[in-house]
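Encoded as structure tokens, the structure appears first; notes follow it.
Residue numbers (full-length UniProt numbering): 1 to 221.
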């Protein structure tokens, strides 16, 4: 039996472990962003969890709940920018992580019902990989070219789905060592890096003791 419920603070470890072990899990799926966004920007969050319930025959009162999917959602409501649910705002990535198609649909259905309660205009899922049941490349290609919504079997929810690729992300593969990376730079770039190093500039890893200095530079930029 599949159950969808909201995240609780006691779920942090199982949520984050699921994200870390899922092939499409990203940093922005982790539970810590929930408090960051709520406390920093004041946006309400709705983190959905899908649990597979299996009863223990030897103990009918004992239920073994195994997490099989998640969907972090942030309610973005602004008089200028509209009313919508986003996974995840401020970042390029987010959306549903699930073990199978059934769980994907269950999480999306719950998200749509939540959106209807909140009267949102749309739900934006920032996926880097298509959902299992939306992975028909011909449909996705046709949809992205004419920008028209396509319904994918949830007609009872009075909704349609639309793929958009207007956001761009650039990835640079890195070599196995810093030496190889250095050799790949052009001589002009290496010279530009050496100059501040000769003047005493250095990169440093640290913890909270460097936070004030880091934040000072961050606010300038």
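Each residue gets a CB set at the ideal place from its N, CA and C atoms; glycine is no exception.
Could you tell me the alpha carbon to alpha carbon distance between residue i and residue j, rounded to whole angstroms?
| i | j | result |
| --- | --- | --- |
| residue 72 | residue 191 | 45 Å |
| residue 14 | residue 183 | 42 Å |
| residue 155 | residue 31 | With a pLDDT of 43 at residue 155, under the threshold of 50, the modelled position of that residue is not reliable, and no figure is offered here. |
| residue 48 | residue 95 | 11 Å |
| residue 33 | residue 83 | 20 Å |
| residue 203 | residue 178 | 14 Å |
| residue 216 | residue 210 | 10 Å |
| residue 181 | residue 200 | 22 Å |
| residue 133 | residue 197 | 52 Å |
| residue 171 | residue 10 | 35 Å |
| residue 174 | residue 116 | 44 Å |
| residue 222 | residue 43 | This structure cannot settle anything about residue 222, because the visible part of the chain is limited to 1 through 221. |
| residue 206 | residue 53 | 43 Å |
| residue 160 | residue 12 | 32 Å |
| residue 212 | residue 193 | 25 Å |
| residue 218 | residue 100 | 41 Å |
| residue 167 | residue 4 | 30 Å |
| residue 120 | residue 67 | 27 Å |
| residue 232 | residue 214 | A query on residue 232 cannot be resolved here, the shown segment of the chain reaching from 1 to 221 and no further. |
| residue 195 | residue 127 | 41 Å |
| residue 185 | residue 221 | 25 Å |
| residue 131 | residue 187 | 44 Å |
| residue 176 | residue 189 | 20 Å |
| residue 162 | residue 90 | 20 Å |
| residue 208 | residue 39 | 19 Å |
Measure the CB-CB distance between residue i and residue j and report whether it falls below 8 Å.
| i | j | result |
| --- | --- | --- |
| residue 69 | residue 26 | no |
| residue 125 | residue 19 | no |
| residue 80 | residue 65 | no |
| residue 164 | residue 92 | no |
| residue 28 | residue 88 | yes |
| residue 41 | residue 114 | no |
| residue 85 | residue 37 | no |
So, under 8 Å CB-CB, residue i and residue j are touching, yes? Tell me the CB distance rounded to an integer number of Å.
| i | j | result |
| --- | --- | --- |
| residue 118 | residue 78 | At roughly 13 Å, the Cβ-Cβ gap does not stay under 8 Å, so residue 118 and residue 78 are not in contact. |
| residue 2 | residue 106 | 6 Å |
| residue 24 | residue 129 | 5 Å |
What does DSSP give as the partner residue(s) for residue i in the beta ladder?
| i | result |
| --- | --- |
| residue 74 | 45, 86 |
| residue 2 | 52 |
| residue 67 | 51 |
| residue 125 | 87 |
| residue 97 | 70 |
Please give me, in chain order, every unbroken run of the alpha helix (DSSP H) with length at least 4 that falls completely inside the region 153–214. If only uninterrupted alpha helix (DSSP H) runs of at least 4 residues are considered, those enclosed by the region 153–214 are 178–184, 187–198.
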